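Undergrad: One structure is given below, represented as structure tokens, and several questions about it will come after.
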Amino acid sequence: MGWLPFTSSTRGDEIRSGAAIPTRTERAASAAFERDCAAAWVKYFKQWRVADIQKRRRIEQLQAEGAVEANVTSSFAGGGNIAASGGSGGGSGGGAKTREDIQALLDKKRG
Numbered sequence: 001m002g003w004l005p006f007t008s009s010t011r012g013d014e015i016r017s018g019a020a021i022p023t024r025t026e027r028a029a030s031a032a033f034e035r036d037c038a039a040a041w042v043k044y045f046k047q048w049r050v051a052d053i054q055k056r057r058r059i060e061q062l063q064a065e066g067a068v069e070a071n072v073t074s075s076f077a078g079g080g081n082i083a084a085s086g087g088s089g090g091g092s093g094g095g096a097k098t099r100e101d102i103q104a105l106l107d108k109k110r111g
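Per the UniProt record's numbering, residue 1 is the first one in the sequence shown, and the count goes up by one each step.
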């Protein structure tokens, strides 16, 4: 039985376990699926390779123009910064900002 009641395929389970022999149409369908699957993977990796080459060329071009590399790290909002500043949650330590600090900065920028 499959994960969902409407996907239960005892014939498929029997073929996979070796208890049943696939018919010609089942073998043809399986061969077509494998061929199409392989073709899809080949297409995906070709596209990935082309995109990777373009990305590397663009990076080389930017470096030749004198661009400075920016080190970027991502984290969830408020993740890690509060614990790194002592866990007070007040936003007074280190570079941690509270919601009020950020809102004040936005209000200041708006004028």
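Note that the Cβ used here is the ideal one computed from N, Cα and C, for glycine as well. Since the model is a prediction, treat every value here as computed from it, not as a measurement.
Output the distance between the C-alpha atoms of ASP36 and VAL42, rounded to the nearest integer angstrom.
TA: By 1-based counting over the sequence shown, the position of residue 36 is 36. By 1-based counting over the sequence shown, the position of residue 42 is 42. The alpha-carbon atoms of ASP36 and VAL42 are separated by roughly 10 angstroms.
Undergrad: Do PRO22 and SER9 have their C-beta atoms within less than 9 angstroms of each other?
TA: The count along the sequence shown starts at 1 and reaches residue 22 at position 22. The count along the sequence shown starts at 1 and reaches residue 9 at position 9. No; because the gap between Cβ atoms is not below 9 angstroms, this pair is not in contact.
Undergrad: ALA20 and ARG11 - do their beta-carbons sit closer together than 9 angstroms?
TA: Start at 1 with the first residue of the sequence shown, and residue 11 comes out as number 11. Start at 1 with the first residue of the sequence shown, and residue 20 comes out as number 20. Yes, Cβ-Cβ distance for ARG11 and ALA20 is below 9 angstroms.
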